[in-house]
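Trainee: Sequential numbering of the sequence shown, starting at 32, is according to the working numbering.
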Amino acid sequence: MPRPPFRTNLGPHPNEGARRLRAAMARKRLNLRTAAKLLGVNSGVISRWVFCDGRPGIELAERMRQKFGIPIVAWFQPPAEPIMMPDAKATGTEG
32 MPRPPFRTNL GPHPNEGARR LRAAMARKRL NLRTAAKLLG VNSGVISRWV FCDGRPGIEL
92 AERMRQKFGI PIVAWFQPPA EPIMMPDAKA TGTEG
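In structure tokens, the structure reads:
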């Protein structure tokens, strides 16, 4: 089972691409490391995207469009729904 993230806040760039990537990873039961392998990047890069600390370049956005169906433009749009951080109690990660 994927290890839940420990962060409790989003970075400065919330966007629809991040929301969709989170949803795709949850649907496919992928953790950061597995998603990174699928895209040919390291897990730190995926982490920056799902926590809205940055956005992918065009080449990687295209790769995510192919692998996960996330439109390139989604990375430059505000999230259609709130991006929810996991609850520490629900994920068993509270201190």
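Quick reminder that beta carbons are idealized off the backbone N, C-alpha and C, glycines included.
When we look at the beta-carbon of M115 and count the other beta-carbons within 10 Å, is it buried (16 or more) or exposed?
Mentor: exposed
Trainee: Looking at G42: is its Cβ nearer than 8 Å to the Cβ of A105?
Mentor: no
Trainee: With a cut-off of 8 Å on the beta carbons, I'd call I103 and E93 a contact; round off their distance for me.
Mentor: 6 Å
Trainee: Between the C-alpha atoms of K59 and E90, what's the straight-line distance to the nearest angstrom?
Mentor: 22 Å
Trainee: What separation, rounded to the nearest whole angstrom, lies between the Cα atoms of L61 and R53?
Mentor: The alpha-carbon atoms of L61 and R53 are separated by roughly 9 Å.
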